[in-house]
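**Q** Have a look at this one before I ask anything.
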DNA sequence: TATTATAATGATAACGTATACATTTAGATA
DNA sequence: TATCTAAATGTATACGTTATCATTATAATA
């Protein structure tokens with residue numbers, strides 16, 4: 005059938021077959037490929053040559069079984085179209101590879117199903133789990149802790165003894181946004197958040213309202229919508245339609261902000277920032293483009309990743325490091341969507 | 005030390021431990037969890053109860069070893085910030101999960117290193133490999149074929165007997181773009197492609213030039229730049245700076261097109277489409293936003309994914325299906341960046 | 001050369017699962 | 001009840017690696 009009859013046509017050769025060809029024991033082959041030192045150069049070469057000839061590659065699955073770890077690190081992310089998000093995922097994947105591990109990628113349609121997904125993840129005996137923008141249940145966190153699998157929740161504020169949480173200080177950012185608006189003379193506020201990232205949006209809203217309260221302002225139009233450009237437009241439409249006079253809108257995501265801006269300009273013929281000022285969140289690429297020039301918040305993603313991976317690698321090396329919540333301050337990137 | 009002394013504090017229980025508690029053999033536990041039928045309901049429940057009590061989860065790694073397949077499907081993608089791309093990756097991941105497999109995600113910084121990455125992928129004895137926008141070497145393709153691992157190259161035209169290629173008909177799309185421009189009366193052309201997706205860009209350029217040639221037009225300014233918004237701007241700057249009169253530019257990617265458009269409008273004060281018409285590629289979200297309203301090409305991503313996963317699942321089920329190149333036509337989405 | 005110390009290698013037992021085969025049990029029939 | 005058949009379960013082994021321990025080969029020393 006096959007044109008190739010060498011050894012075992014259709015499956016990858018094992019170390020045993022390499023050993024046979026190189027005339028050494030299987031253990032020696034294993035030693036060569038697990039990078040041990042006590043090997044005579046001559047035999048090492050003979051083994052490598054035999055391996056080359058057979059197209060041998062160590063079986064990571066089998067290795068995982070004996071070592072009781074897979075070298076896999078899971079990324080669990082909610083399924084959302086968000087440029088900022090995809091940048092994050094790529095960065096996370098890259099860091100995992102730099103840790104000499106492989107990213108096992110799980111997409112989670114609804115946050116409700118997160119526990120189910122993690123349960124699946126655990127079947128792979130991953131070395132660690134990074135959850136993006138979703139909350140891990142207390143029960144699941146306890147279970148992971150019990151079997152010594154480090155979990156980092158990234159970009160979602162949760163308090164949980166057993167897991168590491170790395171997150172932006174969203175409450176403070178909201179507070180900063182309000183103060184920034186106020187300092188520029190704006191007085192009639194609106195907030196557009198997303199129910200896709202509900203917790204995060206709520207935190208930003210809380211900080212926003214806190215600051216307004218400090219200034220003696222109670223009124224603030226609030227819309228919570230899906231995280232899309234269109235929904236941003238729809239939200240501002242709701243706000244503007246009912247004769248509610250606002251002159252400043254804080255959007256808990258650039259995508260929402262861009263949708264709102266275009267609606268403000270093209271549907272209502274209003275000027276930004278003269279009629280309405282806008283602040284966004286995430287500083288996605290498009291925020292800096294001339295048609296928008298959106299003032300927005302930048303998160304310290306790289307520093308957050310440093311913390312995440314410092315924690316993970318310490319855990320993986322068995323070094324002591326304690327869990328907790330690590331908050332990072334956001335920075336306003338000033339452009340021209342606010343006076 | 006630990007507050008929990010049940011069985012084996014810090015590692016996940018095995019089927020053996022479950023068997024012990026349920027007073028059955030390990031084989032029976034295995035049978036319950038691999039969904040076999042010949043099990044008395046009573047014992048099945050006893051096993052499930054014991055498993056529940058111990059927090060047992062089958063070890064996918066060990067299962068992979070015996071079955072000689074991991075249930076993993078690798079996604080190998082080049083590292084690029086491209087919204088269209090991230091949408092694709094999410095869709096691919098989702099389909100993999102629907103196939104009851106898990107996506108193992110590899111990011112490849114340079115296309116040169118693809119073979120190296122695939123070599124790593126193969127260590128995990130993945131059930132299949134999906135390569136996005138990168139070419140697999142003939143040698144590597146042959147190797148994968150030999151060990152019966154199906155490979156699909158998505159979104160990159162390559163001819164290779166051993167792998168399945170699913171790709172848009174880029175040559176034809178380029179040809180369509182030129183004809184579209186020409187039918188609207190434009191006569192002075194430029195092309196901006198990306199060296200990040202060089203092969204794809206070249207194909208689109210070839211079709212574009214072919215059509216121009218048919219019309220008796222030889223001249224066409226060409227720029228090949230990295231796939232970014234900024235590079236798109238820089239490219240059009242190069243084209244416009246040297247007194248080269250052009251009135252139509254075809255960009256092999258929306259990101260490039262948006263960058264070019266903003267530069268045309270805000271730096272040169274020219275009007276789109278009156279002074280210069282623009283066609284993009286991919287139909288990313290931003291292309292439809294009012295400031296751009298970009299006429300662009302839409303790829304039949306879902307149909308392409310259908311073909312990809314139909315091929316994969318047939319291969320995985322051992323059904324016969326032959327490799328080959330499957331091309332999909334692109335569709336122009338007409339907006340107002342062309343007269 | 002004989003003796004040691006050390007480096008290199010081999011033999012073997014895990015790791016947790018699935019499965020072929022052997023055995024037991026339960027249900028059906030006479 | 002005895003017998004037979006089929007279903008349920010148990011036993012034992014293999015999957016490809018790593019690691020421990022035992023053994024052999026090599027180099028260093030007297």
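Protein chains in written order, with this note's numbering: chain A, 5 to 343; chain B, 5 to 343.
Positions of the beta carbon are idealized from the N, C-alpha and C atoms, including for glycine.
(1) Do residue 14(B) and residue 152(A) have their CB atoms nearer than 9 Å?
(2) Taking the alpha carbon of residue 205(B) as the point to measure from, which residue in 138(B), 61(B), 166(B) has its own alpha carbon closest?
(3) Starting from the Cα of residue 280(A), find the closest Cα among 261(A), 295(A), 251(A), 121(A) and give me that residue.
(4) Would residue 71(B) be called buried (16 or more neighbouring beta carbons within 10 Å of its own) or exposed?
(5) Could you check how far apart the C-beta atoms of residue 2(B) and residue 216(B) are, in whole angstroms? I think they sit under 8 Å.
(6) What residues are listed by DSSP as bridge partners for residue 169(A)?
(7) I'd like to know whether the C-beta atoms of residue 75(A) and residue 97(A) end up nearer to each other than 9 Å.
(8) Anything in the segment 81-95 of chain A with a Cβ closer than 7 Å to a Cβ of chain B? List those residues in chain order, please.
(9) For a minimum of 4 consecutive residues, which ranges assigned as the alpha helix (DSSP H) are wholly contained in the segment 81-105 of chain A?
(10) If I'm right that residue 170(A) touches residue 312(A) with Cβ under 8 Å, what's the distance once you round it to whole angstroms?
(11) What residues in its chain sit with their C-beta under 6 Å from that of residue 141(A), if we drop five residues either side in the sequence?
(12) Where does residue 224(B) fall in DSSP's three states?
(13) Suppose contacts are defined by Cβ-Cβ distances below 9 Å. Is residue 224(B) in contact with residue 195(B) by that definition?
(14) For residue 124(A) and chain B, any beta-carbon pair shorter than 9 Å?
(15) Is any beta-carbon of chain A found at less than 9 Å from that of residue 341(B)?
(16) Rounding to the nearest angstrom, what Cα-Cα distance links residue 6(A) and residue 22(A) in this structure?
(17) Quick one: using the 10 Å Cβ neighbour count with 16 as the cut-off for buried, is residue 260(B) buried or exposed?
(18) Helix, strand or coil: how does DSSP classify residue 278(A) here?
(19) Count the other C-beta atoms from every protein chain shown that fall within 10 angstroms of the C-beta of residue 198(B), then say buried if there are 16 or more, exposed otherwise.
(20) Exposed or buried, what is residue 184(B) when buried is set at 16 or more other beta-carbons lying within 10 Å of its beta-carbon?
(21) Could you give the distance in angstroms between the alpha-carbon of residue 25(B) and the alpha-carbon of residue 54(B)?
(22) Using a Cβ cut-off of 7 Å, pull out every chain A residue sitting near residue 59(B), in sequence order please.
(23) Got a sec, what are the start and stop residues for the alpha helix (DSSP H) residue 126(A) sits in?
(24) Could you spell out where the beta strand (DSSP E) holding residue 4(B) opens and where it closes?
(25) Cβ of residue 262(A) within 9 Å of Cβ of residue 235(A)?
(26) Excluding the 5 residues preceding and the 5 following residue 79(B) in the sequence, name in chain order all residues of the same chain whose CB lies nearer than 6 Å to its CB.
(27) Quick one: does residue 43(B) have its CB under 9 Å from some CB of chain A?
(28) Starting from residue 16(A), find everything on chain B with Cβ-Cβ shorter than 8 Å and list it in chain order.
(29) Do you know how far the Cα of residue 73(B) is from the Cα of residue 34(A)?
(30) Could you please give me the residues that DSSP links to residue 107(B) through a beta bridge?
(31) Run down chain B in chain order and give the residues with a C-beta less than 7 Å from the C-beta of residue 101(A).
(32) Verify the CB distance criterion: does residue 8(A) have a CB-CB separation below 9 Å to chain B?
(33) Could you tell me whether any Cβ in chain B is nearer than 9 Å to the Cβ of residue 289(A)?
(34) Relative to the C-alpha of residue 287(B), which residue among 276(B), 277(B), 243(B), 301(B) is closest?
(35) On the DSSP bridge assignment, give the partners of residue 252(B) in chain order.
(36) Any C-beta of chain A sitting closer than 9 Å to the C-beta of residue 269(B)?
**A** Working from what's here:
(1) yes
(2) 138(B)
(3) 251(A)
(4) exposed
(5) Nothing can be reported for residue 2(B): it is not among the residues displayed for chain B, which extend from 5 to 343.
(6) 157(A), 329(A)
(7) no
(8) 83, 85, 87, 90, 91, 94
(9) 87-102
(10) 5 Å
(11) 119
(12) strand
(13) yes
(14) yes
(15) no
(16) Residue placement at residue 6(A) is poorly supported in this model, since its pLDDT is 31, which falls under 50; the coordinates still yield a value, given next. Approximately 21 Å, taken between the alpha carbons.
(17) buried
(18) coil
(19) buried
(20) buried
(21) 6 Å
(22) 147
(23) 118-127
(24) Limits of chain B in this structure are 5 at one end and 343 at the other, which puts residue 4(B) out of reach.
(25) no
(26) 96, 107, 109, 134
(27) no
(28) 126, 129, 151
(29) 21 Å
(30) 77(B)
(31) 111
(32) Any reading at residue 8(A) must be qualified, since the residue scores a pLDDT of 31, below 50, and its modelled position is unreliable; the value itself is stated next. At least one chain B Cβ lies under 9 Å of residue 8(A).
(33) yes
(34) 301(B)
(35) 193(B), 281(B)
(36) yes
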